[in-house]
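Chains as they are written, first to last, in my numbering: chain A, 15 to 126; chain B, 168 to 283.
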């Protein structure tokens, strides 16, 4: 089956700096890669996703890059704000109707 | 759009009792629903995949007779924890996807179960 690794497990940045979280996957059949943000005690919220036919996607301060050859994808958050503090999970999937294989999560702290 | 609700949000029960958790897609039809379990400071662990009108597919190590899943309609799936024990205490989260044409999963708010 698929194996998703996520690094780092914890990340602290100063407000205004950028944060980068990286994930690798093992199954070349995976073609959908979402990123979720989860605040303590709350549900995971989709923040951005990318499909395998795209190399990069951006939504305001958030961007995701995908390298299919190397089987890794990264989340980039620019101009970080304290409200960005949360746990971020990456996932890989074979597509619609299929399960997600989640990374182990990254706890991001933005220091004011 | 794409709102998923879960009920109850938290429950406390005695050992040996059964607890039913409901997961509803409020504004879309969910062909597939997923049930996860999450321990503190850990990732989401998939328990089972549920397709409307068919039996759930359980992940390895998840007891199907203990965690009963029913997906009777396109907007409702239920998870029943039977004969609950303290080790079943956890945060249970469901997710739903639109169907075979949509990859995204939308998560419910979760149910915190405490078994005494």
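Using N, Cα and C, we set each Cβ at its ideal position, and we do this for glycine too. No experiment lies behind these values; they were computed from the predicted model shown.
In this structure, the beta-carbon distance from residue 106 of chain A to residue 44 of chain A falls below 7 Å. The alpha-carbon separation between residue 20 of chain A and residue 41 of chain A amounts to approximately 15 Å.
Using beta-carbon distances, residue 277 of chain B counts as an interface residue toward chain A, with a partner under 7 Å.
When Cβ pairs closer than 8 Å are counted between the two stretches, the region 234-251 of chain B is seen to touch the region 176-188 of chain B, the count reaching three or more. In this structure, residue 275 of chain B places its C-beta atom within 7 Å of the C-beta atom of residue 171 of chain B. In this chain, the beta strand (DSSP E) harbouring residue 100 of chain A covers 100-107.
For residue 270 of chain B, the three-state secondary structure derived from DSSP is strand.
For residue 48 of chain A, the enclosing beta strand (DSSP E) has its first and last residue at 46-52. Taking a C-beta distance under 7 Å as the contact criterion, residue 262 of chain B and residue 195 of chain B do not qualify as a contact pair.
Contact note: residue 107 of chain A reaches chain B through 270, using a C-beta cutoff of 8 Å and chain order. Residue 213 of chain B places its beta carbon less than 7 Å from that of residue 226 of chain B. Taking the CA atoms as reference points, residue 221 of chain B sits about 8 Å from residue 237 of chain B. Taking a C-beta distance under 7 Å as the contact criterion, residue 78 of chain A and residue 71 of chain A qualify as a contact pair. The way I'd put it, the region 55-68 of chain A doesn't touch the region 117-125 of chain A; fewer than three beta-carbon pairs between them come closer than 8 Å. The shortest C-alpha to C-alpha distance from residue 37 of chain A to any of A:73, A:53, A:28, A:82 is the one to A:82. Legend: CB atoms of the region 231-244 of chain B lying less than 9 Å from CB atoms of chain A are not found in any residue. Close CB contacts of residue 35 of chain A within its chain, under the 6 Å cut and outside five residues either way in sequence, are with 89, 102, 120 (chain order). Every beta strand (DSSP E) stretch that sits fully inside the region 200-280 of chain B and reaches 3 residues is listed by chain position as 211-218, 234-240, 243-248, 257-266, 269-274. Boundaries of the beta strand (DSSP E) around residue 81 of chain A: 76-81.
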